[in-house]
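Residue numbers (the working numbering), protein chains in the order written: chain C, 1 to 191; chain G, 192 to 382. Ideal placement from N, C-alpha and C gives every residue a C-beta, glycine not left out.
Number of protein chains: 2
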Amino acid sequence: MRLFAVRGFHETSMAEVARAASVSKALIFWHFKTKEELFMAVLNRLLEPYFIDFAEEAGALDEQAQIVRLIDLYMQFVRENGGSIRFFVAQLLHDEKLSDGLTNQVLQLYQGYRALLVDLIGRAQERGLCKRDFPPADAVSFMLSTLNGLLIGFLFSGENGVNLDGAIAMLRHWLFGDAPQNGPGECPPSP
Amino acid sequence: MRLFAVRGFHETSMAEVARAASVSKALIFWHFKTKEELFMAVLNRLLEPYFIDFAEEAGALDEQAQIVRLIDLYMQFVRENGGSIRFFVAQLLHDEKLSDGLTNQVLQLYQGYRALLVDLIGRAQERGLCKRDFPPADAVSFMLSTLNGLLIGFLFSGENGVNLDGAIAMLRHWLFGDAPQNGPGECPPSP
DNA sequence: ATGCTTATTGACCGCTAGGTTAGGGACTCG
DNA sequence: CGAGTCCCTAACCTAGCGGTCAATAAGCAT
Numbered sequence: 001m002r003l004f005a006v007r008g009f010h011e012t013s014m015a016e017v018a019r020a021a022s023v024s025k026a027l028i029f030w031h032f033k034t035k036e037e038l039f040m041a042v043l044n045r046l047l048e049p050y051f052i053d054f055a056e057e058a059g060a061l062d063e064q065a066q067i068v069r070l071i072d073l074y075m076q077f078v079r080e081n082g083g084s085i086r087f088f089v090a091q092l093l094h095d096e097k098l099s100d101g102l103t104n105q106v107l108q109l110y111q112g113y114r115a116l117l118v119d120l121i122g123r124a125q126e127r128g129l130c131k132r133d134f135p136p137a138d139a140v141s142f143m144l145s146t147l148n149g150l151l152i153g154f155l156f157s158g159e160n161g162v163n164l165d166g167a168i169a170m171l172r173h174w175l176f177g178d179a180p181q182n183g184p185g186e187c188p189p190s191p
Numbered sequence: 192m193r194l195f196a197v198r199g200f201h202e203t204s205m206a207e208v209a210r211a212a213s214v215s216k217a218l219i220f221w222h223f224k225t226k227e228e229l230f231m232a233v234l235n236r237l238l239e240p241y242f243i244d245f246a247e248e249a250g251a252l253d254e255q256a257q258i259v260r261l262i263d264l265y266m267q268f269v270r271e272n273g274g275s276i277r278f279f280v281a282q283l284l285h286d287e288k289l290s291d292g293l294t295n296q297v298l299q300l301y302q303g304y305r306a307l308l309v310d311l312i313g314r315a316q317e318r319g320l321c322k323r324d325f326p327p328a329d330a331v332s333f334m335l336s337t338l339n340g341l342l343i344g345f346l347f348s349g350e351n352g353v354n355l356d357g358a359i360a361m362l363r364h365w366l367f368g369d370a371p372q373n374g375p376g377e378c379p380p381s382p
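Below is the structure:
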């Protein structure tokens with residue numbers, strides 16, 4: 001997992017994997033028929049922490065709080081899994097063939113998240129908790145674009161090159177009309 | 192260029208390049224000392240269309256129109272260069288070492304674009320053309336996040352998986368308080 | 001023609017890659 | 001104990017890799 005994640009598929013040789021695992025190369029080929037098969041297994045293992053359960057922990061909150069919580073979870077997730085996300089994004093962009101099953105899993109994850117948000121925003125709009133300028137699906141598309149943009153900003157320049165909290169405050173302002181409060185982030189002009 | 196762009200550095204062999212170019216492998220090594228050197232040259236060639244001149248064509252417009260134009264240019268650029276952008280993003284995320292000079296050029300491009308926007312929004316704010324809720328730099332960070340998010344949405348699901356025009360209308364609404372006009376895009380709920 | 005530089009090639013080289021194979025311990029079940 | 005299965009290794013195999021080299025063709029001044 002470590003080798004594939006930091007060096008990629010083609011730059012990692014089976015000999016290296018064997019050495020890093022302190023086993024013989026032949027053993028790996030006994031457990032996995034081909035290098036590709038090992039790689040797929042690695043992909044799935046790396047993907048495991050991506051499945052989180054949101055429903056159970058958010059039952060008691062109102063819609064606005066749940067939306068905020070979902071956004072926070074996204075950002076927390078980005079912060080905690082930057083390394084492997086980077087790997088996955090590069091992999092998905094680069095090697096459609098090798099990423100086959102991966103694409104579906106990620107897409108499923110993404111659509112689940114999106115559906116959750118659409119539902120929440122729809123309900124929030126009905127109850128007058130947030131602005132009604134746009135249909136929920138459009139609002140969510142917009143939000144997710146921003147979140148994804150923050151993600152890749154984070155991937156390229158790291159924690160201190162992009163102001164996650166500041167941007168999230170602006171998202172809240174956009175959604176709920178909050179006063180632009182300054183949260184824990186100090187909002188320095190990003191370099 | 193074609194081979195490296197669609198298959199990447201490690202999956203492209205010099206023999207393939209030679210065959211595709213209908214020359215002998217040795218000739219390539221006469222023109223380029225190493226495979227890496229050829230790759231760098233390819234990177235630079237692919238990067239050429241990325242340099243556009245904005246200043247000259249926007250002199251007569253007011254700030255708001257210039258901002259809108261800049262955003263349109265971004266999206267037009269994304270639409271026209273999706274293939275190579277995909278390649279570059281994957282390359283940058285994956286192979287920090289090989290991307291060395293590339294990183295700087297892209298960063299420079301990006302910072303230039305950002306600076307242009309910050310300047311424009313600052314001036315637009317002074318003249319009351321757009322909302323003043325946030326300092327220009329923060330507004331631009333937010334905008335760029337959204338644009339980048341649209342970019343990667345486009346990279347992953349193509350033109351009809353993401354609604355570029357709809358999202359841009361929402362950006363305009365956010366910036367200028369426009370009525371949410373429906374432009375040429377019909378804003379279908381993205382699948 | 002005669003050199004001289006610039007292009008171009010087929011043959012070749014060392015090496016590493018993914019993958020195989022024959023065989024040997026270790027554990028299990030009768 | 002002994003047959004069978006599972007796990008594991010050293011050694012090996014071959015294709016293809018990046019890269020080199022001697023030979024030579026093409027362009028071009030003198």
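{"Check": "Would you verify that the beta carbon of G/Leu338 is, or is not, closer than 8 Å to some beta carbon of chain C?", "Outcome": "yes"}
{"Check": "Quick one: what's got a C-beta closer than 8 Å to C/Glu193's C-beta in the same chain, skipping five residues either side?", "Outcome": "Here chain C covers residues 1 to 191 and nothing more, so residue 193 of chain C does not appear."}
{"Check": "Going by other Cβ atoms of all chains shown within 10 Å of its Cβ, with 16 needed for buried, is G/Asp253 buried or exposed?", "Outcome": "exposed"}
{"Check": "Assign G/Pro375 to one of two classes, buried (16 or more other C-beta atoms within 10 Å of its C-beta) or exposed (fewer than that).", "Outcome": "With a pLDDT of 43 at G/Pro375, under the threshold of 50, the modelled position of that residue is not reliable, and the figure given next carries that caveat. Exposed: under 16 other Cβ atoms inside 10 Å."}
{"Check": "For G/Leu311, tell me which candidate among G/Gly199, G/Ile258, G/Asn235 has the shortest Cα-Cα distance.", "Outcome": "G/Ile258"}
{"Check": "In chain C, which residues lie less than 7 Å from G/Arg277 when you measure between Cβ atoms?", "Outcome": "Leu93"}
{"Check": "Which whole-angstrom value describes the C-beta separation of G/Phe200 and G/Phe230, a residue pair presumed to lie in contact below a C-beta threshold of 8 Å?", "Outcome": "6 Å"}
{"Check": "Report yes or no: do three or more beta-carbon pairs, one from the region 96 to 112 of chain C and one from the region 73 to 86 of chain C, lie closer than 8 Å?", "Outcome": "no"}
{"Check": "Contact criterion: CB-CB distance below 8 Å. Does G/Pro222 meet it with respect to chain C?", "Outcome": "Sequence inspection shows His at residue 222 of chain G; the Pro mentioned does not correspond to that position. Not an interface residue."}
{"Check": "Which class does C/Leu61 belong to by DSSP, given the choice of helix, strand or coil?", "Outcome": "coil"}
{"Check": "Would the beta-carbon of C/Ser22 fall within 8 Å of that of G/Leu341?", "Outcome": "no"}
{"Check": "Going along chain C, which residues have a C-beta under 7 Å from G/Ala281?", "Outcome": "Ala90, Leu93, His94"}
{"Check": "Grouping DSSP H, G and I as helix and E and B as strand, with all else coil, what is C/Thr12?", "Outcome": "coil"}
{"Check": "With a threshold of 8 Å between beta-carbons, can C/Asp138 be considered close to chain G, or not?", "Outcome": "yes"}
{"Check": "For G/Arg318, which option in G/Val197, G/Phe367, G/Glu239 has the closest C-alpha, if you only look at C-alpha atoms?", "Outcome": "G/Phe367"}
{"Check": "For C/Ile85 and G/Arg210, I'd like the C-alpha separation in whole angstroms.", "Outcome": "36 Å"}
{"Check": "First and last residue of the alpha helix (DSSP H) that includes C/Asp100?", "Outcome": "96 to 126"}
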